[in-house]
Structures are given as structure tokens and as C-alpha cells.
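Participant: Per my numbering, numbering of the sequence shown is gapless, rising by one per residue and ending at 411.
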Amino acid sequence: MTTIYLKPHKEESLKRFHPWVFSGAISRVVLDASHKASAPEEGEMVVVRSSANEVLGVGHWQVGSIAVRILAFGVERLEKTFWRERIAAAYRVRESIGLIRPDNNTFRLIHGEGDFLPGLIVDVYADTAVVQAHSVGMHVCRKEIAEAIIAEVEQVKAVYYKSDDTLPFKAPIEGEKTGWLTTSDQRLTTNDEYWSEENGLSFRIDWLRGQKTGFFIDQRENRALVERYAKGKDVLNMFCYTGGFSLYALRGEARTVDSVDVSQKAIDLVNINVAHNFPDDPRHHAYAADAFDFLSEQREKGSTYDLIILDPPAFAKHRDAVKNALRGYQRINAKAIEMIRPGGILFTFSCSQAVDKEAFRLAVFSAAAQVGRKVRILHQLHQPQDHPINIYHPEGEYLKGLVLYVE
Ligand code: SAH
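Here's what the structure looks like:
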């Protein structure tokens, strides 16, 4: 195997289990005999050693500022049982905290670094797992990963691979970036009528055409909180996608629920989900519209709401976009706060990893001050238990939310 030697003292973060080796920490690369090129291949498994030749771990080589993502510390190679053991360990966590139940067969099985598998995401929807690789190394290992999931997670019968949007843009990639890794089941292949349960609500999951792996599992706990507060309220669910928050609000006895998303495909799914869980319910309306336009139009009409949910897509996908993102958060939050009735509630979120809790809170503070309403924080929300944060890798924290009481 190729060996990566670090500069003196650069082993310290690895010894504290931080799983990334930055390219600047590397002193030299000793290629194994099989190489024709002058550098390791993207996705290849490499050994990392300190300047004193101590074995630090093995991981996947990447081109970019993160050069290696460590899979196992203190060893020179992965055991044959590596994938099964890691997946079984992740499953045990979800099981032990009561997440896996007949009324809840939707959960994130692997959350990258948070489950000690950097670059890998696996979401489970009933009997199907959707795998997403964020590194070429995970792409190379996709078949072993699929086999390990089938072997370790009883409910999963099929594994779909969906990495067309997540693999590094310019990387030389062999093999398909999407498609089934395990099944020839026609019902699964067409993906029609595929339902998954979250806390007793049924959602149609479209991983073939949907966003991310098909659903935003990360809002499960926050949706349950909306259910608690929805009774008798007029609710607006902005950036609703397939209607997660809307269904919980309806079950929580909201008076009316308006769902808004710019994607017509998402709105079609919201309507399917509402009709399935709450047949012929006159309380719900869905609109395919841009969020900013919708809020401006409603404001002109003098509409107001008791409870608004704002769950926009990541406004900052990179560090250099943070400033604009913060302006975006301020603008949309100001528009929402203006439309909340006195004594109403705003659930507001940011899923931009590059925007930290404090910066997001400051953007919402600026929005409140701009509108001149009295605002208090009732809850500070975050990502759920099946999106764990490795304590040695704080970069894994991305979802934050505030629940505000607006006077
Ligand atoms: N709250 C959702 C997840 C939201 S993801 C859930 O619980 O499942 C963000 C959503 O915002 C996506 O569905 C995307 O289509 C939508 N979106 C992106 N830009 C938008 C815009 N300008 N106006 C309205 N919706 C938008």
C-alpha cells in the first residue's frame, strides 16, 4: 500500500481521532510498486505514518485540501469484517435509542464522520437503503458497503446508490454513480408507491427523482415539536419539500396548513402524502412558488399566521458564500416575522454547515430588530440522534434551529 508520511508534530490531531489529514501536513508520499503515475490515485487506500514512522491509521486518498480521510486509527490495513462491524455498530446505536420501530422505519444509518465512516451517508426507508458517497474512496467500496448493509440490517432488502451530485466534480470515476447495488426487484426499480413510516406518518419516498437521498430525515424531532404546538393554529410551512412539517402539524390539530415549495414535483408529493394520511382533509393547501415571492404576496394581501416554519436549503454551500447567506437568512426571517400574529411562533432553521450557531442567531436577531417585534427564544434546535456528531470532528454539526415566540 502507498504510505503517507506526515511532517513533525502533524500527527497530533490524528492521535486525537480527528479523521482528516490536510495536504499541508504531508512531508512525503511513498507509492507502492503498482503505481505508474507519480501520485496516489484518488480513492485509493493509503497508510498514514508520523515523521517517526509510527502507524497512525489507514484511509482514503483524496485530491484537494483534505488529502486523506481516515477509516481506522492505529492500524495498517482494514480487517475483512471492517464494513460489517462499522455498520452493525451504527445500527446498534439507532436500535438502543428506540429509533427503529414498526411505526418508524425511516432513519439515517450512517452519518459520515459521525459514524466513523467519513464520506459515507446511508439512509434507510423501510426495506430500502439509499447510499451516497461523498468521496471516491467510498465509491470504490460501494459494493462491499451494500453487502454489509444487507448482512447487518434485517429490514433492508435492497440498496440503491445515488452519488451523482455528491462525488467530487472532477474526479476520475469508474462505474455508475447511480443505480441498484443489490436488487432486480421490479417494484423497487420503478419506485412507485414506495412508502416509509416516520413516527406513524407515511411518506412516499422518491429517491430516484427526489432531492438528496429522497427525504430530509434530519428534521424528524423538530417536526414532532411542531406537532406539539400546532393545535388550533394557522400554519405556514415554507420550503416544505414533501410536506414533513405539514403532516405533523395536521396531526397536531392545526386549524389550517399552507405548504410552499418552489419545486412542483415536491408539491405533487406533498399532496400525495396529505391525501394518504389525511384523506379529504380541507385544512391543507399546497403552493408551488418561490418563498420570497409568496411571502411578499401574502403580506400585500394582509395574510398572517400563528405558526411559520422556515426550512430553506443551505444558503451557504461554501465558506466564501457565508456573508451573502447571512443576508439571505436575515431577509427571509424578517419577512416571516412580519407575518406572525402577536403571540405566534416561528420555527427557523439553517442547514448550512459553514454558518455556525452564533452567526445564524445573529442573522435572526437582525431580522427581529429590523421588523421591531419583541422576540424570545423558546428552543434551540439541532440535528437528531441518527445524525451524531463525532466529538473529535465538530465540523459534523450542521443543522441548527430556533423556535421564537413573537409578540
Ligand atoms: N422542510 C423540508 C426540507 C426542506 S429542503 C422537510 O422537512 O422535508 C429545502 C426545500 O426548499 C427544497 O424542497 C427546495 O425545493 C425548496 N426551495 C429552494 N429554493 C426555494 C425558493 N426560493 N422558494 C421556495 N422553495 C425553495
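Glycine is no exception: its CB is placed at the ideal position from the N, C-alpha and C atoms.
Predicted, not measured: the structure shown is a model, and the values here were computed from it.
Examine the ligand SAH and report whether any of its heavy atoms sits within less than 7 Å of the Cβ of Ala295.
Facilitator: Result yes, Cβ under 7 Å from the ligand SAH.
Participant: Within 10 Å of its beta-carbon, does Ser68 have 16 or more other beta-carbons around it, so buried, or fewer, so exposed?
Facilitator: Before going on, a small fix: residue 68 reads as Gly here, not Ser. Looking at its Cβ environment, which holds fewer than 16 other Cβ atoms inside 10 Å, Gly68 is exposed.
Participant: Using the DSSP secondary-structure output, state which residues sit across from Arg32 in a beta bridge.
Facilitator: DSSP output for Arg32 lists Tyr9 as bridge partner(s).
Participant: Asn203 and Asn108 look like a contact to me (Cβ under 8 Å); what is the Cβ gap, rounded to whole Å?
Facilitator: That pair is a contact at about 6 Å.
Participant: Could you tell me the boundaries of the alpha helix (DSSP H) in which Gln268 lies?
Facilitator: Per DSSP, Gln268 belongs to the alpha helix (DSSP H) from 268-281.
Participant: Please state if the CB of Glu411 and the CB of Arg377 are separated by a distance shorter than 8 Å.
Facilitator: Closer than 8 Å, so yes.
Participant: According to DSSP, which residues form a beta bridge with Gly183?
Facilitator: DSSP lists Tyr165 as partners of Gly183.
Participant: With Leu18 as the anchor, note down where its alpha helix (DSSP H) starts and where it stops.
Facilitator: 16-19 is the span of the alpha helix (DSSP H), which, as asked, contains Leu18.
Participant: Can you tell me which of the three DSSP states Ser263 falls into?
Facilitator: Looking at Ser263 - three-state DSSP - the assignment turns out to be strand.
Participant: Quick check on Val79: does DSSP put it in helix, strand or coil?
Facilitator: Note: Val79 maps to coil in three-state DSSP.
Participant: Answer yes if the stretch 350-367 comes into contact with the stretch 314-333, meaning at least three C-beta pairs across the two stretches below 8 Å, and no otherwise.
Facilitator: The stretch 314-333 vs the stretch 350-367: in contact.
Participant: Under 8 Å, with one C-beta from each stretch per pair, do the stretch 274-292 and the stretch 251-258 reach the 3-pair mark?
Facilitator: Contact between the stretch 274-292 and the stretch 251-258 is present, because at least three Cβ pairs lie under 8 Å.
Participant: Please list the terminal residues of the continuous alpha helix (DSSP H) segment that includes Met142.
Facilitator: 140-144 is the span of the alpha helix (DSSP H), which, as asked, contains Met142.
Participant: Take Ala130 and list the residues in its own chain whose beta-carbon comes closer than 6 Å to its own, dropping the five residues that flank it on each side.
Facilitator: Once the five neighbours on either side are set aside, the close Cβ partners of Ala130 are Asn109, Ser200.
Participant: According to DSSP, Trp24 sits in a beta bridge with which residue or residues?
Facilitator: Answer by DSSP bridge pairing, in chain order: Arg73.
Participant: Let me check you understand the geometry: is the CB of Thr110 closer than 7 Å to at least one non-hydrogen atom of the ligand SAH?
Facilitator: No.
Participant: In whole angstroms, what separates the C-alpha of Val230 from that of Arg224?
Facilitator: About 10 Å.
Participant: In this structure, how does DSSP classify Ala130 when only helix, strand and coil are distinguished?
Facilitator: Coil at Ala130, not helix or strand.
Participant: Can at least three beta-carbon pairs, one atom from the stretch 17-25 and one from the stretch 388-406, be found at a separation below 8 Å?
Facilitator: Counting Cβ pairs under 8 Å, three or more are found: they touch.
Participant: Along the chain, where does the alpha helix (DSSP H) containing Trp211 start, and where does it finish?
Facilitator: No alpha helix (DSSP H) contains Trp211, which DSSP labels as neither H nor E.
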